[in-house]
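Okay, so here's the structure we're looking at.
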Amino acid sequence: QQHQQRAQLDLIKKQQALLLMCRIYIGSINFELNEAMLKQAFQPFGPVKSVSLTFDP
1 QQHQQRAQLD LIKKQQALLL MCRIYIGSIN FELNEAMLKQ AFQPFGPVKS VSLTFDP
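Residue numbers (UniProt numbering): 1 to 57.
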């Protein structure tokens, strides 16, 4: 039982770490796209917490 609890705790820790690291970079997108459009495009793959757009001149 103690081994099972330890394994479950390890799994929870791994899942929490993955949540913190789940970030993607998308480059070379059209300047006319906005945050709402990107969020809508990626929502079929899972929940989108936030979108941050940075444009280089």
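Don't be surprised by glycine CBs; every beta carbon is placed ideally from N, CA and C.
Test item: CB-CB of E35 and L53 under 8 Å: yes
Secondary structure of residue 76, DSSP reduced to three states: Examination of residue 76 is not possible in this model, given that the chain is present from 1 through 57 alone.
R23 - containing alpha helix (DSSP H), residue span: R23 -> no alpha helix (DSSP H), and no H or E assigned at all.
Helix, strand or coil at Y32 [DSSP, three-state]: It is Glu, not Tyr, that sits at residue 32 in the sequence shown. Three-state result, E32: coil.
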